[in-house]
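Chains as they are written, first to last, in my numbering: chain A, 8 to 252; chain B, 8 to 252; chain C, 8 to 252; chain D, 8 to 252; chain E, 8 to 252; chain F, 8 to 252. The beta-carbon is built from N, C-alpha and C at its ideal position, and this holds for glycine as well.
6 protein chains.
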Amino acid sequence: MKRTRKSSPEPAPLLAFGAHPDDIEFGCGGVVTRETRAGRAAHFVVCSRGEAGSHGTPAQRVAEAKKSAALLGATVEFLKLDGDGRLEVRAAHAIKLARILRRVRPGIVLAPSLEENQHPDHARLGQLVRDAARLARYGGLKELRALPAHAIDQLFFYAVTPEAEPPGAMPILIDVSAPEIIAAWTAAMEAHASQAQTRDYVELQLTRARLRGLRAGVGHAIALFPNDPLVLDSLAQVNRSARRF
Amino acid sequence: MKRTRKSSPEPAPLLAFGAHPDDIEFGCGGVVTRETRAGRAAHFVVCSRGEAGSHGTPAQRVAEAKKSAALLGATVEFLKLDGDGRLEVRAAHAIKLARILRRVRPGIVLAPSLEENQHPDHARLGQLVRDAARLARYGGLKELRALPAHAIDQLFFYAVTPEAEPPGAMPILIDVSAPEIIAAWTAAMEAHASQAQTRDYVELQLTRARLRGLRAGVGHAIALFPNDPLVLDSLAQVNRSARRF
Amino acid sequence: MKRTRKSSPEPAPLLAFGAHPDDIEFGCGGVVTRETRAGRAAHFVVCSRGEAGSHGTPAQRVAEAKKSAALLGATVEFLKLDGDGRLEVRAAHAIKLARILRRVRPGIVLAPSLEENQHPDHARLGQLVRDAARLARYGGLKELRALPAHAIDQLFFYAVTPEAEPPGAMPILIDVSAPEIIAAWTAAMEAHASQAQTRDYVELQLTRARLRGLRAGVGHAIALFPNDPLVLDSLAQVNRSARRF
Amino acid sequence: MKRTRKSSPEPAPLLAFGAHPDDIEFGCGGVVTRETRAGRAAHFVVCSRGEAGSHGTPAQRVAEAKKSAALLGATVEFLKLDGDGRLEVRAAHAIKLARILRRVRPGIVLAPSLEENQHPDHARLGQLVRDAARLARYGGLKELRALPAHAIDQLFFYAVTPEAEPPGAMPILIDVSAPEIIAAWTAAMEAHASQAQTRDYVELQLTRARLRGLRAGVGHAIALFPNDPLVLDSLAQVNRSARRF
Amino acid sequence: MKRTRKSSPEPAPLLAFGAHPDDIEFGCGGVVTRETRAGRAAHFVVCSRGEAGSHGTPAQRVAEAKKSAALLGATVEFLKLDGDGRLEVRAAHAIKLARILRRVRPGIVLAPSLEENQHPDHARLGQLVRDAARLARYGGLKELRALPAHAIDQLFFYAVTPEAEPPGAMPILIDVSAPEIIAAWTAAMEAHASQAQTRDYVELQLTRARLRGLRAGVGHAIALFPNDPLVLDSLAQVNRSARRF
Amino acid sequence: MKRTRKSSPEPAPLLAFGAHPDDIEFGCGGVVTRETRAGRAAHFVVCSRGEAGSHGTPAQRVAEAKKSAALLGATVEFLKLDGDGRLEVRAAHAIKLARILRRVRPGIVLAPSLEENQHPDHARLGQLVRDAARLARYGGLKELRALPAHAIDQLFFYAVTPEAEPPGAMPILIDVSAPEIIAAWTAAMEAHASQAQTRDYVELQLTRARLRGLRAGVGHAIALFPNDPLVLDSLAQVNRSARRF
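Okay, structure coming up:
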């Protein structure tokens, strides 16, 4: 399979996967809005309707997710796997996700991190997306043959909560300090109005991003964890680092 | 201290530190030539004259290092610390290196990796450079006051041998596949003619780079290990990853 | 269960498991040929027919695997689990593998490594083999009762690709430098002719083995990762180590 | 430098380094006696006279160490570095140790482990020995030139206490179950009679060895941690592993 | 959900999960008896009847487990999941365990550790219990709605064998030195009389506890591994540490 | 040496070490004030006068440190080692610190963490304190003989910045949510008025503590990292854990 770098005018879309209707927004909404404002298309695949949550009906949750995605400049679809709180690592799920990868043909893919000491749906979805990114490249699964193989550029993991950050792994940090970015991200999180605990969640995320920002010498920053080493043509591509103290 | 990103015409220089006259070339020569060909100035600081080596007089070693640096487009200076095979972690050394950082004012700094199971001078120099990068930013050491404080953009570690790669750390990979890059790098390594073992060393380095390249789907690649998280404005900066199999 | 060390004339057979028809050959074929040439029987269990590969029909893949195994001096059987690209970690699979362990009664077992960031079938098969090695020792599962319990001597993991090597784990290295070993191994890899990508794969494996060899001061070497500590009667058994630089 | 494997009649000697007069005996005395009984010469280098201990004069400690070494079939010498409780990582020390390596020309070297959360002299001596093993191979340090370069076969670390075992590293286990081995080891530990705390220490070491033995299905075993991968000609060399439960 | 600390008279019960009838006793029986003697209720959930063991019928195993639990002052119930040697990580299992958590409403929960290189049922049960502790707190799974949500205070992992201890993780140690604690624990282990291998198992556990005790300066100690950081009001709560050598 | 647990009325003092005049306050001031308000004496040993800082004269720094310590209810002394920015790991320093330990005879000791990627003085002081805690227990160093041996209860590391937190280690969290604790801590940090960068530092620390608090379900919390396992008499001592999301 040929691996050509997308050269500008039309960057390959960003595709983000979430286990629940609000995971993407809370975990990496600021990154998404930053990318869409720079002209990259973004699409969300949400793998449950939050039907096991403490608050909000599935219909409400879906409506909130649509509103929230729109605030970030993204489109959204819902995929039924095993249901909220019930996700298992099944080959059939990975194949379904691989089909979506072949259909959307993203450059960047975002998925929840693999740390197991978090909501079990998160880590399992992360595993499934990683497997799917491999299956999408390989030739022969019969469920995939209708669509041409696709190799993504990079898979990044986001952490829905601080506990979900892989300990010891070095993240890349996306600077989301611009007021319009913070505003759009906050609005997207607040769009999940049914969530009683959301208030704390919003503060949790903004506090995390502020702490990352303080450490990096910027206002706010969001950490992503690359699945594979980055390949660079030049060090000029990465000339800022996060060390202030 | 203000932290401004260098915007193009004149990129901040690259500064590489080596414990012995051939360490930089063997460990990351391909990266240096790639950067100098793209218009970035490069300067080497070599912290011994190889006087404990099995072959070659100090004078020969210095001459070879100068020739080799020139082949990579870099300038070189020699710094006396404790001598070859005798380097210790002393605060006075870190302060000396910090002075050089304030004088050269680099963006990118390259230093040998911190793994202790390699030639002891390598890991100790890596530690000293990391400490120096901090001291160069701080205000008050009297030995440093004559020169204005300087914050580098990023410190990357290179591994002189495979054993020196930090296990479990995710590197960034620099694509050095272009024939002129490989040729310049090979010539620079071969310029260290006095070294009886050099023949194997050259094969070792090219085999390493080829293996990294095969894994990344390019010809050859060199791994660098960032000391701190990279801060990005956009994911468009890092849109290739190293996964081919 | 008594644990007696095999004393020479008839060493207990080696049993290798692969998820796809070419995994064993690419990951550790040189080790297998070295052992069979020293008089140890070797048997392969291949857990799919490669039916999801980009190239080659299942019938071709099976024929190639048989030819390849013969070149390494091994016999081969095929086991149907969930199919290529669909393997899941199921207790029923581990029990099937445990039955094979009780039937073949190997000393050494080789299985793909457990790193999850590789083809998902590989890591899952590795897990299943490890579980099976335990179940084969225990008394009571009814599917196993027809065959006497069996305790293997050691389980070693092989890495199909460099990404599959467990980071930070210290391998043992098998010296495969002898020309006839390299020739047999290369022939076995090339026997998988249907695989369009094979050319690169062969170079990948030989480059890996050469790099390991250069580091160890031999021609070529293959890394295996023991599942449990080795027990030795004397340090005379392990009197070479891999440090050349 | 040529690297020839010792072929039987006269195995290269074992050289063990200890920071205090009883470290070698407590940490790996059972291994030493096993090797000397198999016909390998053993020599101890003790790098202080225990002059900072709570009990026993330096003269007593030296006498006890000599008696203890003799019980294990080893010779012993004392080397003055910085003194008990005062050891620092200095290049001059590593060079002194390298001279001893060139003089004794051992195959196997034993040194205290590198974990820092133990008596500070232990970890520092471990580092110095590792560095010395490198310097002994290299050509040119003027303090070393009088003696020909020497490459050891393997460096193993022993842990004086359980806290000193490197977490996560896989050891090799030496079976020391034979009654005469246990008896000689115990006698050697008890020869350090001045040590008030010795009673507990002896129980500590025998309990450790019994626990390792129970896990491995033998009577008693001692763990050693290799500094570099083992290189094997055949898997027949390592056909027992430590898994009983 | 409100999180109130239990203030004395009636401490919240301890709930321990085991995959086989003797796992809790062997892994952490001394801890349980210590807690019950201090007035805390304890309940065991055993997730198979040991029907795949080498010795003992399911009926015998159940009888032994009941006797053993009584010796430790605990009650016991049996839960059928997939059966001995067949446990899989299924969402339905975690939901069943979450129901038990809502019913028993424990403060402390004990579960087998997550290390995969042990009996596969152990690690999988550990994962299921961790997931269940989360699901028990969340509002909405329909199978759970009949019982009010419950947040446990802390989940601790116990290791059935030394291999099951997570390498590199710092445990907390429970002092079980009192003669009546050791006696009750030993009796509880010996109550599993059908187990041919039990004799060794008892010695294994007492040797482990003695080694932990020797290291900590007490008689015997058992290690537990907390799933989440402990939250303290004051350092006065934790004023002993385990360092004797 | 006898190891008796302090039973209430008069808890053993807390002793905290800092490399610079403001390190203790910024890294763990909230913990100190919590302990002193509960009746425990606290003493600070500051190992430089901040003479290499960008702002503030040594005299100002000393005055600020005294004021700040008083606000936390602690006394303070200054110890001259190598000077600010110049600290080295020397045995003589560890012996000096051990003397202070024997003089103050603390239960709890706080020291900067050992992560090397922070200000070099921090990690080195942490190492020296750990070594000193050992030397204070041992009998014989002549510089120490005038004072009776002393075994501390526990050594905890604090992290001056987030970068200094040991990755992957599980901390204990001290709840510092009470308004009077936050107020005293904030005042103590602000007492270091000469520090131009202090403003950000105060926000950094409060943001860190708020993020820890949000995760733990309390207002604010500070993480400490124990050097050795905690030994408990009962799980009732540790009945809260930090998991809220």
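Alpha-carbon spacing of residue i relative to residue j, whole angstroms
| i | j | result |
| --- | --- | --- |
| Leu-162 of chain D | Val-245 of chain B | 42 Å |
| Thr-64 of chain A | Asp-207 of chain A | 20 Å |
| Met-8 of chain C | Arg-131 of chain C | With a pLDDT of only 36 at Met-8 of chain C, under 50, the local geometry of the prediction cannot be trusted, and the value read off the model is given with reservation. When rounded, the distance between both Cα atoms is 28 Å. |
| Ala-19 of chain F | Ala-156 of chain C | 58 Å |
| Ile-188 of chain F | Gly-37 of chain F | 6 Å |
| Phe-164 of chain A | Ser-241 of chain A | 24 Å |
| Lys-13 of chain A | His-199 of chain C | Below a pLDDT of 50, predicted positions are generally treated as unreliable, and Lys-13 of chain A, at 44, falls in that range; no measurement from the model is reported. |
| Ile-179 of chain C | Val-69 of chain A | 53 Å |
| Arg-10 of chain C | Ala-166 of chain E | For Arg-10 of chain C, the pLDDT reaches just 40, beneath the cut-off of 50, and the residue's location in the model is therefore unreliable, leaving the point undetermined. |
| Ser-201 of chain C | Leu-148 of chain E | 50 Å |
| Ala-26 of chain D | Ser-120 of chain B | 28 Å |
| Ala-81 of chain A | Thr-40 of chain B | 41 Å |
| Cys-35 of chain E | Gln-67 of chain C | 54 Å |
| Ala-101 of chain A | Gly-60 of chain A | 24 Å |
Burial state of residue i, where buried means 16 or more other Cβ atoms lie within 10 Å
| i | result |
| --- | --- |
| Leu-104 of chain A | buried |
| Lys-73 of chain E | buried |
| Pro-174 of chain D | exposed |
| Arg-152 of chain F | exposed |
| Gly-256 of chain F | Given that chain F is displayed from residue 8 to residue 252, the structure contains no residue 256 of chain F and the question cannot be resolved. |
| Pro-186 of chain B | exposed |
| Glu-255 of chain A | Nothing about residue 255 of chain A can be reported from this structure: the residues present for chain A run from 8 to 252 only. |
| Glu-32 of chain A | buried |
| Ala-77 of chain A | exposed |
| Ala-84 of chain D | Position check: residue 84 of chain D holds Glu in this sequence, whereas Ala was assumed. When all chains shown are included, Glu-84 of chain D counts as exposed. |
| Glu-17 of chain A | exposed |
Contact list for residue i against chain B, beta-carbon separation under 9 Å
| i | result |
| --- | --- |
| Leu-135 of chain F | Under the 9 Å cutoff, chain B gives no residues; its nearest Cβ is about 14 Å from Leu-135 of chain F. |
Partners in chain B for residue i, counting only beta-carbon separations shorter than 7 Å
| i | result |
| --- | --- |
| Glu-58 of chain C | Within 7 Å Cβ-Cβ: nothing; Glu-58 of chain C doesn't reach chain B, min ~19 Å. |
Within chain E, partners of residue i - CB distance below 9 Å
| i | result |
| --- | --- |
| His-129 of chain A | Chain E residues near His-129 of chain A: none, gap ~10 Å exceeds 9 Å. |
Amino acids of chain D, ordered along the chain, whose beta-carbon sits closer than 8 Å to that of residue i
| i | result |
| --- | --- |
| Glu-123 of chain E | Within chain D, no residue comes near Glu-123 of chain E; the closest Cβ sits about 14 Å away, beyond 8 Å. |
| Gly-146 of chain F | Ala-59, Gly-60, Ser-61 and His-62 |
Supposed contact pair residue j and residue i - C-beta distance, whole angstroms, cut 8 Å
| i | j | result |
| --- | --- | --- |
| Leu-79 of chain A | Ala-195 of chain A | 5 Å |
| Met-177 of chain D | Pro-233 of chain C | 7 Å |
Listed by chain order, chain A residues near residue i by CB distance under 9 Å
| i | result |
| --- | --- |
| Asn-234 of chain E | Asn-124 |
Closer than 8 Å at the beta carbon, the chain F residues around residue i
| i | result |
| --- | --- |
| Asp-160 of chain B | Chain F residues near Asp-160 of chain B: none, gap ~16 Å exceeds 8 Å. |
Cross-chain neighbours of residue i in chain C, by beta carbon under 7 Å
| i | result |
| --- | --- |
| Ile-268 of chain D | The structure shown has nothing for residue 268 of chain D, since chain D only spans 8 to 252. |
Partner residues on chain E for residue i, Cβ-Cβ distance less than 7 Å
| i | result |
| --- | --- |
| Asp-138 of chain C | Pro-127 |
Listed by chain order, chain C residues near residue i by CB distance under 8 Å
| i | result |
| --- | --- |
| Ala-81 of chain D | Neighbours of Ala-81 of chain D on chain C: none; closest Cβ ~14 Å, over 8 Å. |
Residues that residue i contacts on chain F, provided the C-beta gap is smaller than 9 Å
| i | result |
| --- | --- |
| Leu-1 of chain B | Because chain B here runs from 8 to 252, residue 1 of chain B falls outside it and cannot be looked at. |
Neighbouring residues, chain F, relative to residue i (Cβ below 7 Å)
| i | result |
| --- | --- |
| Leu-142 of chain B | Gly-92 |
Cross-chain neighbours of residue i in chain D, by beta carbon under 7 Å
| i | result |
| --- | --- |
| Pro-65 of chain E | Residues of chain D passing the Cβ test: none, with the nearest at roughly 22 Å. |
Against chain E: residues of the region 25-42 of chain F by CB proximity under 9 Å: For the region 25-42 of chain F, the residues whose beta carbon sits under 9 Å from a beta carbon of chain E are, in order, Val-38, Arg-41 and Glu-42.
Selection of the region 200-223 of chain A by Cβ proximity to chain F, strictly under 7 Å: Answer in chain order: Asp-207, Glu-210, Leu-211, Thr-214, Arg-215, Arg-217, Leu-218, Leu-221 and Arg-222.
Chain F contacts made by the region 85-102 of chain D, where a contact means CB separation under 9 Å: Answer set for the region 85-102 of chain D: Asp-89, Gly-90, Asp-91, Gly-92, Arg-93, Leu-94, Glu-95 and Val-96.
Residues in the region 172-197 of chain E having any Cβ partner in chain D nearer than 7 Å: Legend: CB atoms of the region 172-197 of chain E lying less than 7 Å from CB atoms of chain D belong to residues Pro-174 and Gly-175.
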